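Undergrad: To convert, note that position 328 of the sequence shown is 659 in my numbering; the numbers rise steadily by one, no gaps. Here's a structure for you.
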Amino acid sequence: MVRLWERYFVVFGLFFIGFICIASIFFLPCIDCGNSTRVIIRTALNRPSGRNLDGHALREKTDKANIPAPPSREGINLSGISENADRRDFIKKMMKFAWDNYKRYAWGANELKPISKSGHSASIFGSGDTGASIIDSLDTLHIMGLNDEYEDARQWISLNLDFSATKGELSVFETNIRFIGGLLAAFALTNDTMYVEKARAIADLLLPAFDTPTGIPFALVNVQRKTANNWNWANGGASILSEFGSLQLEFDYLSNLTQNPVYSDKVARVREVLQSINKPDGLYPNYLNPRTGKWGQNHVSVGALGDSFYEYLLKAWLISDKRDVQAKEMYDAATDALEKKLLFKSEQNQLWYFAEKKGARIEHKMDHLACFIVGMFALQSKNEPDYTRSKHFLELAENLAHTCHESYIRTDTHIGPESFRFTRDAEAVAINDREKYYILRPEVIEGWFYLWRITGDVKYREWCWDAAVSIERYCRTDGGYSGIRNVYTRSISHDDVQQSFIFAETFKYLYLVFSEDSAVPLDQWVFNTEAHPFPVRFSANASHQR
């Protein structure tokens with residue numbers, strides 16, 4: 332017979348083995364747990380609770396190590412900062428702090444890692460130190476009157492900017508809007524022809540991208556091999572609407588300044604193809620095959636993959652002093668179709684938003700990127716010759732601006748997430764962890780800037796100021812500004828990247844919103860999608876400038 336103590340031993344052993352099996356479910360490694368090295372839970376259902384546990388453990392470690400937590404929003408000293416001039420100076424100091432740290436720790440690199448205090452370069456720039464932050468900062472430094480910093484930037488560009496030795500693959504779109512756009516805007520503000528020569532050299536390296544049967548360019552160029560191809564993740568080897576559709580302002584301006592039509596000819600061909608092909612329900616899908624001229628996956632969005640295509644149609648009309656009638660006609664048809672098919676109001680509070688179309692399915696999600704459309708519609712309303720349409724698009728801009736504002740103020744940090752959704756249970760909030768981050772993006776602030784300039788409603792200045800304070804509070808580190816991984820908690824986890832567009836866009840729009848309207852007036856300048864300003868009717872101005 333089995334003795335009583337032996338029975339207890341067996342029962343205890345089975346219980347212990349069962350406990351180990353259950354516990355292992357929650358503590359096995361996973362591949363999607365961010366940078367955490369501790370609590371690891373596999374199931375999507377339990378992952379949020381795991382991260383909460385991890386955060387608690389990290390806070391305990393922080394307390395034991397006597398590391399101070401980020402101060403609360405209420406702790407920031409804003410005494411005396413109420414006048415617009417004071418706020419403008421505050422933004423200027425933010426710009427200088429970011430610039431000084433970039434110069435100290437990452438000079439010549441594309442971007443700064445402010446936590447690591449070292450250089451950073453995303454794969455979109457190939458491999459090499461090509462100074463994206465320097466070029467993206469140029470016009471902002473000039474506009475802010477940071478003259479010593481501007482001269483340092485100019486000298487680096489003059490002596491060091493050279494893409495010819497770059498290895499790997501360059502993004503045609505990003506290189507165009509940041510580098511070519513930044514250099515041409517610097518020329519427009521200063522008449523320094525060195526910038527035009529540098530822009531021309533870069534543009535020439537991008538031309539192999541246009542060697543396709545249709546003339547629709549590929550997304551990537553290998554400078555050394557003089558070859559081009561598309562992103563390997565793009566549907567069916569397609570080119571991306573927002574990328575090949577956001578080249579015209581820069582290429583047209585460059586052709587005008589150099590008196591070389593090759594650049595404007597390339598983008599004219601893109602326009603010709605887009606104007607001629609059939610648009611399903613009047614909509615432009617995000618994917619187009621550059622070999623066949625056929626649309627790819629039927630995905631339509633005013634956010635990622637689609638956004639700046641629409642912006643450039645409107646701005647091509649504006650920068651031509653409203654002579655490019657074809658661009659305006661294409662813009663009107665495209666935005667009318669978007670409004671008809673993808674504009675919705677939330678069930679809870681009737682917040683207006685643009686959804687995405689994926690095949691026959693509507694996804695009720697709006698990207699932070701999509702908030703650029705606020706500024707686009709506001710700019711249209713200011714220039715729309717038809718009063719009824721002008722009034723309509725201003726109303727649309729203001730309602731969408733309110734929605735984007737709600738996405739900000741419904742977070743603990745008062746900074747909006749990368750994407751936010753609308754369901755029966757959620758309104759203007761991110762649902763999953765992959766959408767809760769903020770990488771110093773400008774689009775929401777951009778929209779408020781345009782509405783301030785066009786309506787004069789002070790609430791847009793106040794919204795911008797609140798965003799500026801939040802960025803200062805939660806994104807500033809000892810070594811610069813960093814994106815944050817979760818806008819819904821004040822226990823900040825930084826992503827350790829100071830994106831170059833914080834100089835070109837976020838700080839510039841914040842500075843201008845607290846400046847007089849005579850600073851880069853909207854009837855004389857048009858911003859490219861990286862917020863680099865080009866003069867209206869540059870064809871008339873260029874001969875004088877040269």
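Quick reminder that beta carbons are idealized off the backbone N, C-alpha and C, glycines included. Treat the numbers as computed from the prediction; the structure is a model and nothing was measured.
In three-state terms, what does DSSP make of residue 666?
TA: Of the three classes helix, strand and coil, the one that applies to residue 666 here is helix, per DSSP.
Undergrad: Closest to residue 670 by CA distance: which of 761, 686 and 844 is it?
TA: When only C-alpha atoms are compared, the closest one is 686.
Undergrad: Here's the rule I'm using: 16 or more other beta-carbon atoms within 10 Å means buried, otherwise exposed. How should residue 431 be labelled?
TA: Counting Cβ neighbours within 10 Å, residue 431 comes out exposed, since fewer than 16 surround it.
Undergrad: State whether the region 803–814 contacts the region 748–765, with contact taken as three or more CB pairs (one from each stretch) at a distance under 8 Å.
TA: No, they do not touch.
Undergrad: Between the Cα of residue 710 and those of 777, 465 and 781, spot the shortest distance and give me the residue it belongs to.
TA: Looking at the Cα atoms, 781 is the closest of the given residues.
Undergrad: Start and end of the alpha helix (DSSP H) containing residue 518?
TA: Where residue 518 is concerned, the enclosing alpha helix (DSSP H) stretches over 512–521.
Undergrad: With residue 450 as the anchor, note down where its beta strand (DSSP E) starts and where it stops.
TA: Its beta strand (DSSP E) spans residues 449–451.
Undergrad: Straight-line CA distance for residue 429 to residue 610?
TA: C-alpha separation (whole angstroms): 44 Å.
Undergrad: Let me know the secondary structure DSSP gives residue 611 once reduced to three states.
TA: Helix.
Undergrad: On a CA-only basis, which of 707, 735, 834 and 737 is nearest residue 725? Give me that one, please.
TA: Among 707, 735, 834 and 737, the Cα nearest to that of residue 725 belongs to 707.
Undergrad: In whole angstroms, give me the CA-to-CA distance for residue 425 and residue 772.
TA: If I take the Cα positions, the gap works out to 15 Å.
Undergrad: Hey, residue 627 and residue 641 are a contact pair by Cβ (cut 8 Å); roughly how many whole angstroms apart?
TA: At roughly 18 Å, the Cβ-Cβ gap does not stay under 8 Å, so residue 627 and residue 641 are not in contact.
Undergrad: Can you check whether the CB of residue 774 is closer than 9 Å to the CB of residue 702?
TA: Cβ atoms of residue 702 and residue 774: closer than 9 Å.
Undergrad: Can you list, in chain order, the residues of its chain with a C-beta nearer than 6 Å to that of residue 402? Leave out the 5 residues immediately preceding and following it.
TA: Reliability fails at residue 402, whose pLDDT of 41 lies under 50, so the model's placement of it is uncertain and the value that follows must be treated cautiously. There are no such residues.
Undergrad: Leaving out the 5 sequence neighbours to the left and right, which residues in its chain are closer than 7 Å to residue 530 when beta-carbon positions are compared?
TA: Only 511, 514, 515 and 585 meet the Cβ criterion.
Undergrad: Flag this pair as touching only if the region 485–497 and the region 846–856 have three or more C-beta atom pairs under 8 Å; answer yes or no.
TA: The region 485–497 is not in contact with the region 846–856.
Undergrad: Looking at residue 637: is its Cβ nearer than 9 Å to the Cβ of residue 727?
TA: Taking 9 Å as the Cβ cut-off, residue 637 and residue 727 do not qualify as a contacting pair.
Undergrad: Flag this pair as yes or no: are the beta carbons of residue 544 and residue 559 separated by less than 9 Å?
TA: Not in contact: residue 544 and residue 559 (Cβ atoms no closer than 9 Å).
Undergrad: Under the three-state reduction of DSSP, which class applies to residue 564: helix, strand or coil?
TA: Correct three-state label for residue 564: coil.
Undergrad: For residue 600, which residues from the same chain have a beta carbon less than 7 Å from its beta carbon, with the 5 sequence-adjacent residues on both sides left out?
TA: The residues are 546.
Undergrad: Can you give me the C-alpha to C-alpha distance between residue 738 and residue 833, rounded to a whole angstrom?
TA: Going from the Cα of residue 738 to the Cα of residue 833 covers about 20 Å.
Undergrad: Between the alpha carbons of residue 608 and residue 657, how many angstroms are there, rounded?
TA: Their Cα atoms are separated by approximately 15 Å.
Undergrad: Residue 814 to residue 632, Cα distance in whole Å?
TA: C-alpha separation (whole angstroms): 24 Å.
Undergrad: Tell me which residues share the same chain as residue 595 and place their Cβ nearer than 7 Å to its Cβ, disregarding the 5 neighbours each side in the sequence.
TA: The answer, listed in chain order, is 582, 583 and 586.
Undergrad: Since residue 811 sits in a beta bridge, which residues does DSSP pair it with?
TA: DSSP output for residue 811 lists 808 as bridge partner(s).
Undergrad: Give me the DSSP bridge partner(s) of residue 768.
TA: According to DSSP, residue 768 bridges with nothing at all.
Undergrad: When DSSP labels each residue in this structure, what does residue 858 get in the three-state scheme?
TA: Strand, per DSSP.
Undergrad: Which residues mark the beginning and the end of the alpha helix (DSSP H) in which residue 588 is found?
TA: Note, residue 588: alpha helix (DSSP H), 579–589.
Undergrad: Can you tell which of 552, 519, 503 and 522 has the C-alpha that lies nearest to the C-alpha of residue 578?
TA: Considering only alpha carbons, the answer is 503.
Undergrad: With a threshold of 16 other CB atoms inside 10 Å of the CB of residue 779, please say whether the residue is buried or exposed.
TA: Residue 779 comes out buried.
Undergrad: How far does the beta strand (DSSP E) with residue 845 in it extend, from its first residue to its last?
TA: No beta strand (DSSP E) contains residue 845, which DSSP labels as neither H nor E.
Undergrad: Do residue 469 and residue 427 have their CB atoms nearer than 9 Å?
TA: Not a contact, by the Cβ cut-off of 9 Å.
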